[in-house]
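J.:
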Amino acid sequence: MDAFTSVRLKAQQQRAQLIAECGCGDKAQELLAAAMNDAGLRVMVVPPDYPLLGGGAGALQRKRQRIFVSGALSPELQFFVQAHEYAHWIIESPADPVLVSTVVDPSGPEQTTPLGAGRVEGYSAQELRERYANVFAREFLLPTHHARHLFIDERLSASQIASRLGVTPGLVYQQLQYALLVPSPPPAQADKPLPSLDASQRIAADHEGGPALVEAGPGTGKTRTLIGRIERLLETGVDPRSILALTFSNKAAREIKERIARTIPSANELWAGTFHAFGLELLRKHAALAGLQEPVRIVDPADALERLESLLPSLDLHYYLRLSDPLALMQPILGAISRAKDELCTPEQYAALAEQMQAHAVTDEAREAAAKAAEVARVYGRYEAMLREQGGVDFGDLIWRTITLLEQNDDLLAMIRAQFPHVLVDEYQDVNRASSRLLKLIAGDGRNLWVVGDVRQSIYRFRGASPANMRLFAQDFPGAVVLPLKFNYRSGQQIVDTYTAFARSLDDPVWRAAGQLEAIRGSGIRPKLVIAPTLDAEVAAIAHAIEAHRADGIPFRDQAIVVRTHTHAERVAERLQALGVPSMYLGDIFERDEVRNLLAVVSFVAEPSRGALLRLAITQSYRMGLADVRSFLELAHAADRSPLASLSDPAVIAACAAPARAALERLRDDLAGLRFESTVAEVLNHVLFERRALIDEFLEQPGSGGEQRRLAIFQLLQFAAEHFDPRKGNPKKNLLRWIRRLEQFGEERALRELPAAAASIDAVRLMTVHASKGLEFPVVFVPYLATRHFPQSNRGKLCPPPEGMLRAEDIHDQFEEESLFYVALSRARDHLHLSRSEVLGSQKASESKFLPSIVARLELVRVPNTELLLAGDDLPARPELKLEPEIHDARDLDQYERCPRKYAYAKSLGLRASRDDDGYVLFHRAVYAVLSWVLQERATREVPLDEYGPKLDAVWAQQGPCEHPFAPVYKEYALRMLTVAEEHLRAPGATSQEVDLRVGGVPVRVRLEQAEPGSGGVVRRYRTGRRPKTVTRELPDALRLLAGRQVYGPGARLQVHYLTSNDSVDLEFKQNQLQSKVDQVRDFAAAIASGEFPITTDLEQCPRCPYFFLCPAIPSAD
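Just so you know, we're using this note's numbering here: the sequence shown kicks off at 1 and counts up by one.
1) Can you give me the C-alpha to C-alpha distance between R901 and F590, rounded to a whole angstrom?
2) What whole-angstrom Cβ distance do P1057 and Y1107 have, given they're in contact under 8 Å?
3) Assign H149 to buried or exposed, taking buried as 16 or more other Cβ atoms, counted over all protein chains shown, within 10 Å of its Cβ.
4) Taking Cβ to Cβ, would you say S466 is nearer than 7 Å to R433?
5) If you draw a straight line from the C-alpha of S772 to the C-alpha of A824, how long is it?
6) Can you give the Cα-Cα distance for Q408 and L441, rounded to whole angstroms?
7) Can you tell me whether L472 is helix, strand or coil according to DSSP?
8) When the distance is taken between beta carbons, is P533 closer than 7 Å to N865?
9) Based on the DSSP secondary-structure assignment, which residues constitute the bridge partners of V1019?
10) Does the count of Cβ pairs from the stretch 200-216 and the stretch 239-249 closer than 8 Å reach three?
11) Take M415 as the anchor and find which of E690, H286 and Q293 has the nearest alpha-carbon.
12) Using the three-state DSSP reduction, which class does Q792 fall into: helix, strand or coil?
13) Rounded to the nearest angstrom, how far is the Cβ of P801 from that of A336, given a contact under 8 Å?
14) What residues in its chain sit with their C-beta under 8 Å from that of L644, if we drop five residues either side in the sequence?
15) Put R1121 into one of helix, strand or coil per three-state DSSP.
16) For D536, which option in L506, D300, L579 and R512 has the closest C-alpha, if you only look at C-alpha atoms?
17) Under DSSP, the alpha helix (DSSP H) around M386 begins and ends at which residues?
18) Counting Cβ pairs closer than 8 Å, one from the stretch 1001-1021 and one from the stretch 1038-1045, do we hit at least three?
19) Could you tell me if S793 is buried or exposed, where buried requires 16 or more neighbouring beta carbons within 10 angstroms of its beta carbon?
20) Since R66 is in the beta strand (DSSP E), which residue starts that stretch and which ends it?
21) Looking only at its chain, what residues have a beta carbon closer than 7 Å to the beta carbon of I525, apart from the 5 residues adjacent to it on each side?
22) In angstroms, rounded to a whole number, what distance separates the CA positions of S200 and E427?
23) Does at least one heavy atom of the ligand NAP sit under 6 Å from the Cβ of Q12?
24) Measuring CB atoms only, is the stretch 626-644 touching the stretch 727-745, in the sense that at least three cross pairs come out at less than 8 Å?
25) Taking 6 Å as the limit between beta carbons, can you name the residues of its chain near G279, skipping five residues before and five after?
26) Applying the 10 Å Cβ sphere with the 16-neighbour rule, what's the burial state of P1028?
27) Looking at the structure shown, is D996 part of a helix, part of a strand, or coil, going by DSSP?
28) For N734, which of helix, strand or coil comes out of DSSP?
29) Select from G1044, A1087, A1052 and T1024 the residue whose C-alpha is nearest the C-alpha of S1119.
30) What did DSSP end up calling T979 once you bin it into helix, strand or coil?
31) Under 8 Å: do the stretch 172-181 and the stretch 704-717 share three or more Cβ pairs, one atom per stretch?
32) May I have the straight-line CA-CA distance separating L667 from Q620, to the nearest angstrom?
33) Within a Cβ cutoff of 8 Å, which residues of the same chain sit near L53, ignoring the five residues on either side of it in sequence?
34) Tell me which residues share the same chain as C656 and place their Cβ nearer than 8 Å to its Cβ, disregarding the 5 neighbours each side in the sequence.
35) Would you tell me roughly how many angstroms separate the C-alpha atoms of L820 and L869, rounded to the nearest one?
36) For H145, which three-state DSSP category applies?
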């Protein structure tokens, strides 16, 4: 049981005991009066500047048994502060005579969301005490079971509950979220005593006399030995405040402290957290010395992307600019910058490496690689300057600037070394070069340095982790000893021998040196390898085995499926669902229906042009047919009002059909009272817990599927509650934009970490290998063991590091793939099931190259094929959305090819994109308007180039993307495009025209931006990027060529001009390629005419789509 759950239970028990003994009611004032009387505490309300408050909201004077509360607070907040101080009295016994509470928050989440600062913040002993006290106070004043009773049984709203009990609404919101959305924790059980240390563990734990590297293979009791080391230090009289324990995650740090504190309470005083958390704490304490503004603010990747928007026009990008989405290629650049900081490589050094690459380049490919590195270096330099100007630090700075701080301040370094003479490091194989250097500073000669890790479990090389640190440990810390742990306590010997055989089969000496661990649990059960014809058959075999193990007494929750990627997890999860096997996998919460339903509420309020009502109309609370939704939106448009404003327009509502009118009136009432400045958290809490909209349908969903849906909503609400947005403007629109950025960066994965209470859900655990690190299960399945799936194929990097930045052994990714397989094999206690498919999708799939070395140790099982588990990803046709235009615009057909569902939203339903969305389109329209003007003018006169600019200015002001964040970039490229085009506009007969033609019998209108009759006819297309190595032949290109041939004859050519690289290419189509495009047009037109609008999922493009939060929802026709 985690510490927060223990605190909740303690608060419930204390409250129940007081009510039973004192007979008090459930109001805050009565409860607290009884509590103060029982504890002999006296409450004093004092002015906010009272000395003992120390600037805080309250204080506990333990020896004199007094609680001080600031009189500046409302009565409800005073009650909470009083409960908070009472929590300190009940759950702690600190030595401090006066405990000042500065972090008193009735509405804040229990634990920080792992984004931004929450991703790296470690909790000092004081911070943990404050958080525990907040949780205790909330649970004491309003236990979750009582909150549920009041909301469900008595049908009270959150504000009614708050008024009745005398507490703040924010407190009620938090308690209702836990009461209604989080599963009840598993029944409390007595903590099992930690096992005794074996001989090898004892040697490691008791080591004295110099630096020690403990080699801890899978299941050898690494954490137990680390705890044993701390226990040993404490038993020998070491002050816990002099121990620094650096872990790979803050979760691991909390678990270590909690496990030790069960037997040694003073262990709570040791400092445990990540390298980044330690760096952040030092930088915050010594901001002025580090040259930082206070308070120190962390810039996470999504935030950095936002900040780079303002710099983009001045970055002079050539290789990393995509005008259709100018920020798209900033993501890999930021990744390259982060990697450089891991290696302590400055912008100047990065640029020098790029220059060195250029000097030694002898091929075009090498010269381009050098030029790309130089461009990254240029962005890196501007990015660093921006961070310093704005007073921010990113994650890499938390280590690097701490290193600089300590290296430049000898007194501070001496103080830190004196404060933490005992340094312990967990998961040492995952430490990067920067962290290693920081460790050397803190640990000095390493006399009391103790690290533990397993080089073969180094699975975070993509984050800069360098296994070389373990190899170089003795060199970095002379006199170091290596202490191996020798016994495996997790698995049977046959499983241990399997992953050991895999390790010793590899070429790297590190792998071949893998020691033979002795399994304490005996021989165990032989692992299995299932070979299936298809993925459906493979998952069906897994499901059958899961049910068999369940019949043998192993619940779903004790079985895990470990996969290489999230895509694999999603495909397995949907097939398990089809088979009726519950699996625990939230996936991307922002793509879950229940979360998008709530975000649609926010979008409806904040984004009037996005069509969010289409999704709201499929919910129970606001159910409407498609015709009613379209009618309302058309009425709102005709009234020149936003959909939100139209809800309050009697004329618009009266014109709607009766059933729709009722739904719209409820939506109006549910959103009444919200303000422009209302945050997303305020909107959602109001709708769910004040108006009770949507919440009932969430609560009615049964089984583990319903529990997971509620958990996803809980994660969304906690995320929204913590989101801090320093920008001005609509906070709801800003948060939706922020979510899109998180999606683009993949940062949303941090929200997949579940609260501890999720352990009670009886569902098969489905996770990636990275997420499985440190876990174990009685039964483990490892599917998808096929070539290109596990191991993953090496993929080219958009921003590879410059030559010379990385150590040679850190360049290749193969070691990490080998480590991932090694970790996957070693998660099972009793049963290990490996599996692969012979066909994946429509292609044959050969076995993973990792399998041959262990196949002799596996029991081979072949399974027959099975019926298709999934009917297909396509949504059913919607005839009511069909379109049969007299003529199809080529641009619309291009849109249908890219995403048919987006076509339906834009064309069938007429949803309009906002100006932020269509900047690229407006840019092109402005350019083509000028080109058309030039060609028209040339019928009577020559148009000099110096007239192009003024004409563009006039057109731009009227129809260009003036308000778009990238307007300066678009304007610059518009001028470049016109300048390049000018040479060809002088050609005799040059024209810009629309051509109507029939393509496969389908009427299509194609716009030729520029064409001329010379040389048999030339159609020109201008593209804004560099010429790629391989030019793709897209549908619009084929249609331009066909249009050109209709105008000029069969000899017409299509020439594509690339403005950034200033070169061109004749784009040729073979007859079969052209016919394929003709067939596509015919198929697309038929699909549009029958209402077929499936989804095209694109991880890069979907978050940028204006209908991201709406898709794929469309209400039913009736």
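Don't be surprised by glycine CBs; every beta carbon is placed ideally from N, CA and C.
Just so it is clear, the structure is predicted and the values come from calculations on it, not from any experiment.
T.: Let's see:
1) 18 Å
2) The amino acid occupying residue 1057 in the given sequence is His; Pro does not appear at that position. Wrong, their Cβ atoms sit about 32 Å apart, outside the cutoff.
3) exposed
4) yes
5) 8 Å
6) 11 Å
7) coil
8) yes
9) A1011 and L1054
10) no
11) H286
12) strand
13) 7 Å
14) F604, V605, P608 and L671
15) Because the chain in this structure spans residues 1 to 1118, residue 1121 falls outside the shown range and cannot be described.
16) L579
17) D364 to Q390
18) yes
19) exposed
20) R66 to S70
21) G492, Q494, D830 and H831
22) 18 Å
23) As far as ligands go, the structure on display features none, and thus does not contain the ligand NAP.
24) no
25) L398, I399 and T402
26) exposed
27) strand
28) helix
29) Absent from the model: residue 1119. The displayed extent of the chain is 1 to 1118, so no value can be given.
30) helix
31) yes
32) 12 Å
33) V46, A59, F68, S70 and V100
34) D628, S631, F632, L635 and L664
35) 29 Å
36) helix
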